[in-house]
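**Student:** I'd like to ask some things about the structure below.
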Amino acid sequence: MPLSTLSSLAGALILTPVALSQPALAPAASVCSSLWDTLGSTLVKSSGPQYNATAAGTWNLFNSLDHPTCIVYPQTASDVQVAMKSIYEQGARYAVQAGGHSAMIGWNSVTDGILISFENMTRVSYDADTNWISLQPGLRFSDAEIVLEPHGVAIIGGRATDVGVGLLLGGGLNFAAPLYGWSADRIAEMDVVLVGGELITASATNEHSDLFRALKGGANRFGIVTEFRIYAAKTGRKDEKRWYGGSITYPGSANQALLNATVNYINNVVDPNAGAVIALNTFNISASDATILYVFYLGNNLPQHIFGEFLSISSTSQSLSPLSYFDMAFLVPGNARGNGQQFGGSSWLGDQGMFLNGYNRFLDFTAAFAHPHLVASSLIISPILVSQWEASLSGPNAMGNPGVPYASINFDLTYAPGDAFRPEDVDEGFKSMLAETPPSHGLPLFISESNASQDVFETYADLPFLKATYAKYDPTRFNMEHTDGPIGL
Ligand SMILES: Cc1cc2nc3c(=O)[nH]c(=O)nc-3n(C[C@H](O)[C@H](O)[C@H](O)COP(=O)(O)OP(=O)(O)OC[C@H]3O[C@@H](n4cnc5c(N)ncnc54)[C@H](O)[C@@H]3O)c2cc1C
Ligand SMILES: *[C@@H]1O[C@H](CO)[C@@H](O)[C@H](O)[C@H]1NC(C)=O
Ligand SMILES: *[C@@H]1O[C@H](CO)[C@@H](O)[C@H](O)[C@H]1NC(C)=O
Ligand SMILES: *[C@@H]1O[C@H](CO)[C@@H](O)[C@H](O)[C@H]1NC(C)=O
Ligand SMILES: *[C@@H]1O[C@H](CO)[C@@H](O)[C@H](O)[C@H]1NC(C)=O
Ligand SMILES: *[C@@H]1O[C@H](CO)[C@@H](O)[C@H](O)[C@H]1NC(C)=O
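In this note's numbering, the protein residues as written are 44 to 532.
Structural data, given as structure tokens:
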């Protein structure tokens with residue numbers, strides 16, 4: 044044994060009391076080890092097939108690169124309380140994951156922190172006496188609709204089949220939103236675990252009505268919802284084809300005419316039985332640019348006075364037919380995985396020139412940066428009719444009715460498959476594009492289709508209310524400081 048080793052051994056011996064005491068565990072490791080004891084190894088995992096599948100299963104490739112210290116799989120609200128209490132007491136970082144569809148980087152997974160995954164809380168049931176649906180947060184809407192369809196009822200959820208229940212906390216846009224309202228505005232009650240672990244029930248009329256309103260659009264900032272109770276929509280069985288519609292595909296060369304038609308639609312259509320969404324592809328490496336329009340009408344055709352301008356533009360293909368609500372819920376899969384994704388958002392109200400400017404600005408960005416990084420980019424326009432706010436069954440939401448119809452705008456970038464690198468120049472270009480296409484005055488941004496860097500809450504009708512509510516339910520600002528989510532509270 045060389046002398047140097049002996050002398051360092053001697054040094055170690057002198058330091059024995061210090062060397063033998065456990066080095067302090069990092070907060071996340073300490074939470075994981077205590078939850079392993081209290082909740083057990085079925086509910087707490089730091090490796091293995093379930094851990095891998097959850098961590099790698101996010102829609103956005105960028106989020107699948109996170110490596111949670113452990114993943115907690117609660118089976119009851121009380122398991123969430125135990126986890127949250129420990130996270131809070133140890134000051135650990137954390138994230139919550141439901142359907143995994145967030146485009147926002149860091150919002151549904153975490154590195155050096157605890158991920159609470161709802162994949163083992165997937166119950167849904169219907170009570171015909173109250174007409175309420177009880178829904179646990181781990182379901183995808185399509186799975187819920189399969190259970191509910193035999194009762195002739197549905198949850199008003201999203202447009203893409205694969206999206207999860209986290210959608211409700213963003214407001215929630217559905218093809219039938221003009222008729223049924225924001226998906227969140229059909230929630231009757233929510234069971235919520237607050238940052239410190241306390242479980243409460245919030246509704247539009249109880250002592251937590253402030254929290255209830257803030258949750259409807261507040262995303263992941265105001266607590267963890269362990270059960271939603273929702274007013275069922277009596278949409279009918281799958282053989283009841285009450286709607287007519289589907290998709291129409293146009294060549295990219297029709298985009299200006301389609302933009303014009305979209306502006307006329309937004310500024311003139313007030314019939315809540317109509318629904319439309321338009322995805323203007325501005326770049327797609329594997330296809331010539333094509334635009335897809337989704338149109339629906341509660342009736343047996345697409346009325347000319349509503350859809351005539353769209354129908355008069357020559358299309359490359361149409362897939363239109365009588366549809367049930369159930370059919371509509373399975374029209375757009377939205378389940379692709381493996382690409383890095385970035386969203387940006389805006390909200391536009393204006394004339395055709397204004398929309399064309401925004402579209403051209405996005406085209407310029409795409410032309411400058413798509414090669415070689417992106418495989419697709421699109422501008423997705425969701426008309427928000429005034430009736431969508433007026434349909435609320437549970438009072439106002441966090442966004443606040445602006446009183447005018449407008450277009451909710453989603454800029455959508457898809458990076459190459461497996462490409463985990465996000466080039467700085469693309470990001471900078473996207474940032475200036477967003478700065479030059481801001482929301483029109485007084486219109487809220489749609490939080491589920493914006494960028495994490497955008498101050499969405501600032502565009503809501505009552506920011507002071509939101510801040511006061513946040514301060515009341517999370518006075519130590521634990522959520523803002525320990526989990527990624529919307530900025531500005
Ligand atoms: C392809 C695609 C299509 C989409 N289509 C639509 C659409 O038609 N309509 C629409 O409204 N939106 C749509 N979105 C956006 C979608 O609403 C949001 O991405 C939504 O947040 C997804 O919820 P999730 O449960 O799948 O995702 P997750 O990523 O698991 O959750 C989303 C966020 O909510 C938080 N969260 C989830 N559950 C809870 C809970 N129980 N308590 C507290 N926080 C929670 C998570 O921490 C995360 O920050 C779409 C997104 C994609 C990628
Ligand atoms: C989980 O993923 C890691 C890293 O990719 C891998 O080394 C490990 O073998 C995987 N474990 C299982 C059980 O699949
Ligand atoms: C939790 O859900 C996953 C994914 O569906 C499943 O593989 C696992 O067996 C479930 N665990 C329990 C304890 O039910
Ligand atoms: C769109 O509308 C603008 C302004 O009304 C008009 O100048 C333009 O020609 C229209 N474009 C198409 C392709 O219809
Ligand atoms: C690109 O086009 C191909 C072929 O039409 C289509 O399958 C794919 O979904 C498109 N990708 C995106 C991200 O729009
Ligand atoms: C979008 O948000 C991410 C963080 O999630 C940030 O890195 C990026 O710069 C933002 N992009 C824009 C265009 O603001």
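Just so it is clear, CB atoms sit at the ideal spot from N, CA and C, and this is done for glycine as well.
Everything numeric in this text was worked out from a predicted model, so none of it was measured.
Taking 7 Å as the line, does the beta carbon of Thr-292 fall inside it for any heavy atom of ligand 3?
**Tutor:** Looking up residue 292 in the sequence shown gives position 249. False, no ligand heavy atom lies under 7 Å from that Cβ.
**Student:** Listed by chain order, which residues have C-beta atoms less than 6 Å from any heavy atom of ligand 4?
**Tutor:** Taken from the N-terminal end onward, the list reads Gln-299, Ala-300, Asn-303 and Gln-395.
**Student:** Looking at Pro-460: is its Cβ nearer than 8 Å to the Cβ of Val-499?
**Tutor:** The residue you call residue 460 lines up with position 417 of the sequence shown. The residue you call residue 499 lines up with position 456 of the sequence shown. No. Outside cutoff.
**Student:** Who sits around ligand 3, taking every residue whose Cβ is closer than 5 Å to one of its heavy atoms?
**Tutor:** In chain order, the qualifying residues are Glu-162 and Asn-163.
**Student:** My understanding is that Asn-494 touches Phe-386, with C-beta atoms under 8 Å, so please give their C-beta distance in whole angstroms.
**Tutor:** Counting from one through the sequence shown, the residue named residue 494 turns up at place 451. Counting from one through the sequence shown, the residue named residue 386 turns up at place 343. Contact flag correct, Cβ pair sits at about 6 Å.
**Student:** Got a sec: does ligand 6 put a non-hydrogen atom nearer than 7 Å to the Cβ of Leu-477?
**Tutor:** Taking the sequence shown and counting its residues from 1, the one referred to as residue 477 is at position 434. Yes, the Cβ of Leu-477 comes within 7 Å of a heavy atom of ligand 6.
**Student:** By DSSP, does Thr-59 sit in helix, in strand, or in coil?
**Tutor:** Numbered from its first residue, the sequence shown carries residue 59 at position 16. Any reading at Thr-59 needs caution, since the residue's pLDDT is 41, under 50, leaving its predicted position unreliable; the model's value is listed next. Residue state, collapsed to three classes: helix.
**Student:** DSSP three-state label for Tyr-503, please.
**Tutor:** Counting from 1 along the sequence shown, the entry for residue 503 is found at position 460. In the structure shown, Tyr-503 sits in coil (DSSP, three-state: anything other than H, G, I, E or B).
**Student:** From the DSSP output, in three-state form, read off Lys-128 for me.
**Tutor:** Taking the first residue of the sequence shown as position 1, residue 128 is located at position 85. The answer is helix: DSSP assigns Lys-128 an H, G or I state.
**Student:** Report yes or no: do the segment 465-483 and the segment 223-233 share at least 3 C-beta pairs separated by less than 8 Å?
**Tutor:** At 8 Å Cβ cutoff, the stretches do not touch.
**Student:** Under a three-way DSSP split, which group does Leu-68 fall into?
**Tutor:** Here the question's residue 68 lines up with position 25 in the sequence shown. It is coil, neither helix nor strand.
**Student:** Whose CB is closer than 5 Å to a heavy atom of ligand 6? List the residues in chain order.
**Tutor:** Result: Ile-148, Asp-470, Phe-473, Lys-474, Asn-494, Ala-495 and Ser-496.
**Student:** If we call anything under 8 Å between Cβ atoms a contact, is Ala-141 one with Gly-200?
**Tutor:** The residue labelled residue 141 in the question sits at position 98 within the sequence shown. The residue labelled residue 200 in the question sits at position 157 within the sequence shown. For Ala-141 and Gly-200, no; Cβs fall outside 8 Å.
**Student:** Alpha carbon to alpha carbon, how far is Glu-132 from Phe-508? Give it in angstroms, no decimals.
**Tutor:** If you number the sequence shown from 1, residue 508 lands on position 465. If you number the sequence shown from 1, residue 132 lands on position 89. Spanning the two alpha carbons is a distance of roughly 28 Å.
**Student:** Where are the beta strand (DSSP E) runs, 3 residues long or more, that stay fully inside the segment 127-168, in chain order?
**Tutor:** List check, beta strand (DSSP E) in window: 137-140 and 157-160.
**Student:** Quickly, what does DSSP pair Asp-170 with across the bridge? List them, please.
**Tutor:** Translated into positions along the sequence shown, residue 170 becomes position 127. For Asp-170, which the question treats as bridged, DSSP gives the partners Trp-175.
**Student:** Go through its chain and collect everything with a Cβ distance to Thr-165's Cβ below 8 Å, but skip five positions before and after it.
**Tutor:** Counted from its first residue, the sequence shown places residue 165 at position 122. For Thr-165, where only same-chain residues beyond five positions count, the Cβ hits under 8 Å are Gln-179, Gly-181, Leu-182 and Asp-186.
**Student:** Out of Thr-173, Ala-203 and Tyr-223, which has the shortest C-alpha to C-alpha gap to Tyr-435?
**Tutor:** Working through the sequence shown from its first residue, we reach residue 435 at position 392. With the sequence shown as reference, residue 435 is identified as Ser, and Tyr is not the correct amino acid for it. Nearest C-alpha to Ser-435: Tyr-223.
**Student:** In three-state terms, what does DSSP make of Thr-409?
**Tutor:** Along the sequence shown, read from residue 1 onward, the residue named residue 409 stands at position 366. Three-state DSSP puts Thr-409 in a helix.
**Student:** Let me confirm a value: Asn-95 is counted as buried when at least 16 other C-beta atoms fall within 10 Å, else exposed. Which label applies?
**Tutor:** Numbered from 1 along the sequence shown, position 52 holds the residue referred to as residue 95. Asn-95 comes out exposed.
**Student:** Quick one, what's near ligand 5 if you take every residue whose CB is closer than 7 Å to any heavy atom, in chain order?
**Tutor:** Spelled out in chain order, the answer is Asn-324, Asn-327, Ser-329, Ala-330, Ala-333, Val-418, Ala-419, Ser-421 and Thr-457.
**Student:** Taking the C-alpha atoms as reference points, what is the distance between Leu-422 and Leu-406?
**Tutor:** For the purposes of this step, residue 422 is taken as residue 379 along the sequence shown, with counting starting at 1. For the purposes of this step, residue 406 is taken as residue 363 along the sequence shown, with counting starting at 1. Going by the C-alpha atoms only, they are around 9 Å apart.
**Student:** Hey, quick one: how far does the alpha helix (DSSP H) through Ser-355 stretch, first residue to last?
**Tutor:** As a first step, residue 355 must be located in the sequence shown, where it is residue number 312. Per DSSP, Ser-355 belongs to the alpha helix (DSSP H) from 347-355.
**Student:** Can you look up Ala-524 in the DSSP assignment and give me helix, strand or coil?
**Tutor:** As a position in the sequence shown, residue 524 is number 481, starting the count at 1. Residue identity differs from the one stated: residue 524 is Glu in this sequence, not Ala. It is helical.
**Student:** How many Å lie between Ala-69 and Lys-515 at the Cα?
**Tutor:** The residue you call residue 69 lines up with position 26 of the sequence shown. The residue you call residue 515 lines up with position 472 of the sequence shown. Going by the C-alpha atoms only, they are around 29 Å apart.
**Student:** Could you give the DSSP three-state label for Gly-531: helix, strand or coil?
**Tutor:** Within the sequence shown, numbered from 1, the residue matching residue 531 stands at position 488. Three-state DSSP puts Gly-531 in coil, outside helix and strand.
**Student:** Taking the alpha-carbon positions, what's the Pro-221 to Asp-314 distance?
**Tutor:** Mapped onto the sequence shown, residue 221 falls at position 178. Mapped onto the sequence shown, residue 314 falls at position 271. Distance between the alpha carbons of Pro-221 and Asp-314 is about 8 Å.
**Student:** State whether the segment 471-485 contacts the segment 373-391, with contact taken as three or more CB pairs (one from each stretch) at a distance under 8 Å.
**Tutor:** Touching, yes, given that three or more Cβ pairs across the two stretches are closer than 8 Å.
**Student:** Val-139 and Leu-82 look like a contact to me (Cβ under 8 Å); what is the Cβ gap, rounded to whole Å?
**Tutor:** Position 96 of the sequence shown, counted from the first residue, corresponds to residue 139. Position 39 of the sequence shown, counted from the first residue, corresponds to residue 82. Val-139 to Leu-82, Cβ: 16 Å. No contact.
**Student:** May I ask whether a heavy atom of ligand 1 can be found less than 7 Å away from the beta carbon of Leu-254?
**Tutor:** By 1-based counting over the sequence shown, the position of residue 254 is 211. No; taking the cut-off as 7 Å, the Cβ of Leu-254 has no heavy atom of ligand 1 nearer than that.
**Student:** The beta strand (DSSP E) that contains Ala-459, what's its start and end?
**Tutor:** Against the sequence shown, residue 459 aligns to sequence position 416. Counting along the chain, the beta strand (DSSP E) containing Ala-459 begins and ends at 449-460.
**Student:** Can you check which of these residues, Ile-114, Ser-420 and Met-371, is closest to Leu-341 by C-alpha distance?
**Tutor:** Here residue 341 refers to the residue found at position 298 when the sequence shown is read from its first residue. Looking at the Cα atoms, Met-371 is the closest of the given residues.
**Student:** Using a Cβ-Cβ cut-off of 7 Å (strictly less than) and excluding sequence neighbours within five positions of Thr-112, which residues of its own chain qualify?
**Tutor:** Mapped onto the sequence shown, residue 112 falls at position 69. Cβ neighbours of Thr-112 beyond the five flanking positions: Ala-71, Ala-72, Cys-75, Ser-89, Asp-155, Gly-156 and Ile-157.
**Student:** Excluding the five sequence neighbours on either side, which residues of its own chain have a C-beta within less than 6 Å of the C-beta of Ala-322, listed in chain order?
**Tutor:** Mapped onto the sequence shown, residue 322 falls at position 279. Answer for Ala-322: Ile-335, Ser-421 and Ile-423, listed in chain order.
**Student:** Going by alpha carbons, who is nearest to Thr-168 out of Ser-496, Tyr-274, Asn-298 and Phe-265?
**Tutor:** To locate residue 168, count along the sequence shown from 1; it is residue 125. Rather than Thr, the amino acid found at residue 168 in this sequence is Ser. Of the listed residues, the one whose Cα sits closest to Ser-168 is Tyr-274.
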